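Residue numbers (the working numbering): 8 to 168.
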């Protein structure tokens with residue numbers, strides 16, 4: 008299971024980094040490009056903060072906190088204590104997305120650990136932040152954990168009744 012976890016995480020991180028390189032190479036020079044007219048566009052942004060650009064003045068701290076969270080998540084995942092498949096895949100997605108964005112913060116920019124994350128997906132029909140594949144992985148993984156917790160609470164309530 009350890010090897011499978013590492014292969015899945017590595018594969019998702021590589022996909023994230025390839026997408027970002029494509030965006031930097033082809034989208035950065037033009038800024039934006041329509042993808043689905045009126046719905047979504049590719050839009051190049053250098054995000055120095057966390058979600059929605061928050062904490063942009065604290066990139067170094069964000070990098071360190073992200074690194075610590077990732078280390079904890081990897082330790083839990085590789086410990087074998089995560090038996091539920093939904094939680095297992097949620098951890099894989101969150102770790103992969105966190106690593107993808109951490110790689111950006113560490114290596115993109117003028118100073119090590121003080122860079123920016125490449126964001127490129129812009130939804131046009133709502134006023135929402137520009138995001139990337141790594142953000143999607145983290146959000147989906149977090150949603151999976153919420154779903155697990157809801158069903159766990161329902162199960163506990165039924166067992167007590």
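C-beta atoms are modelled at their ideal positions from N, C-alpha and C, and glycine is treated no differently. Values in this document were obtained by computation on a predicted structure and should not be read as measured data.
Write down every uninterrupted run of the beta strand (DSSP E) in the region 60–95 whose length is 3 residues or greater and which is fully enclosed by it, in chain order.
With a minimum length of 3 residues, no continuous beta strand (DSSP E) run stays inside the region 60–95.
Just verifying my parser: in three-state terms, what is the DSSP assignment at residue 33?
Sequence index remark: in the chain shown, residue 33 carries index 26 (1-based). Correct three-state label for residue 33: helix.
Looking at the unbroken alpha helix (DSSP H) that takes in residue 138, where does it start and where does it end?
Taking the first residue of the chain shown as position 1, residue 138 is located at position 131. Where residue 138 is concerned, there is no enclosing alpha helix (DSSP H), given that its DSSP letter is neither H nor E.
Bridge partners of residue 126, per DSSP?
In the chain shown, counting from the first residue as 1, residue 126 sits at position 119. Residue 126 is bridged to 52.
Quick check: what's the CA-CA separation for residue 71 versus residue 168?
Position 64 of the chain shown, counting from 1, holds the residue named residue 71. Position 161 of the chain shown, counting from 1, holds the residue named residue 168. Cα-Cα distance, rounded: 45 Å.
Where do the ends of the beta strand (DSSP E) carrying residue 41 lie?
To locate residue 41, count along the chain shown from 1; it is residue 34. First-last of the beta strand (DSSP E) with residue 41: 39–43.
Which residues in the same chain as residue 141 place their Cβ atom closer than 6 Å to its Cβ, once the five residues preceding and following it in sequence are excluded?
Counting from 1 along the chain shown, the entry for residue 141 is found at position 134. Once the five neighbours on either side are set aside, the close Cβ partners of residue 141 are 23, 104, 107, 108.
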